[in-house]
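Working notes, structure below.
Here's what the structure looks like:
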């Protein structure tokens with residue numbers, strides 16, 4: 105399993121919007137500049153986050169994007185899966201028909217990797233964006249205040 109650059113950027117975008125506040129309109133350009141993500145890539149990610157119901161968009165001169173859910177209701181797992189799909193350690197764990205060895209009994213590799221996959225998935229599901237905000241504020245409270253005050 106590998107977290108892609110795109111899902112890492114999606115996590116940063118959701119964290120930025122979480123710091124701004126639920127329902128707070130923020131332009132894609134502001135997100136792009138503050139998170140140092142190219143604007144086209146930012147827009148691509150925002151489209152996926154919108155389809156998933158994590159953000160909404162506003163059209164027009166004063167348009168932008170806003171977080172739809174409270175930060176404590178969004179997990180790292182949810183954001184990663186929006187971008188990368190289900191978390192799987194090996195292709196056979198996502199679809200048992202893809203086992204290269206076509207084992208008829210329980211494969212010990214499958215068994216143990218399945219346990220690791222469940223652990224990773226559970227841990228990512230247990231981390232929400234409120235926790236990330238709290239950790240961010242604990243270490244860099246001045247940046248949190250700056251982001252919240254952006255216009």
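Numbering (the working numbering), first residue to last: 105 to 255.
Glycine is no exception: its CB is placed at the ideal position from the N, C-alpha and C atoms.
Per DSSP, cross-strand counterpart(s) of residue i
i: residue 232; result: 179
i: residue 162; result: 168
Assigned exposure category for residue i - 16 Cβ within 10 Å defines buried
i: residue 189; result: exposed
i: residue 276; result: Outside the displayed span of the chain (105 to 255) sits residue 276, for which this structure offers no information.
i: residue 243; result: exposed
i: residue 166; result: exposed
i: residue 109; result: exposed
i: residue 114; result: buried
i: residue 219; result: exposed
For residue i, three-class secondary structure by DSSP
i: residue 225; result: helix
i: residue 219; result: helix
i: residue 132; result: helix
i: residue 192; result: coil
i: residue 156; result: coil
i: residue 172; result: coil
i: residue 138; result: helix
i: residue 106; result: coil
Delimiting residues of the alpha helix (DSSP H) encompassing residue i
i: residue 111; result: 109-124
Chain D contact for residue i (CB, 8 Å cutoff)
i: residue 154; result: Checking the listed chains, one finds no chain D in this structure; it contains a single protein chain.
Delimiting residues of the beta strand (DSSP E) encompassing residue i
i: residue 127; result: It is not in any beta strand (DSSP E) - residue 127 carries neither H nor E in the DSSP assignment.
Same chain only: Cβ atoms within 7 Å of residue i, ignoring 5 sequence neighbours per side
i: residue 174; result: 126
Sequence-distant residues of the same chain with beta carbon closer than 6 Å to residue i, five excluded per side
i: residue 156; result: 186
i: residue 153; result: 159
i: residue 136; result: 143 and 146
i: residue 176; result: 232 and 234
Other residues of its chain near residue i: CB distance less than 8 Å, five sequence neighbours each side excluded
i: residue 191; result: 105, 181, 184, 185, 221, 224, 225 and 228
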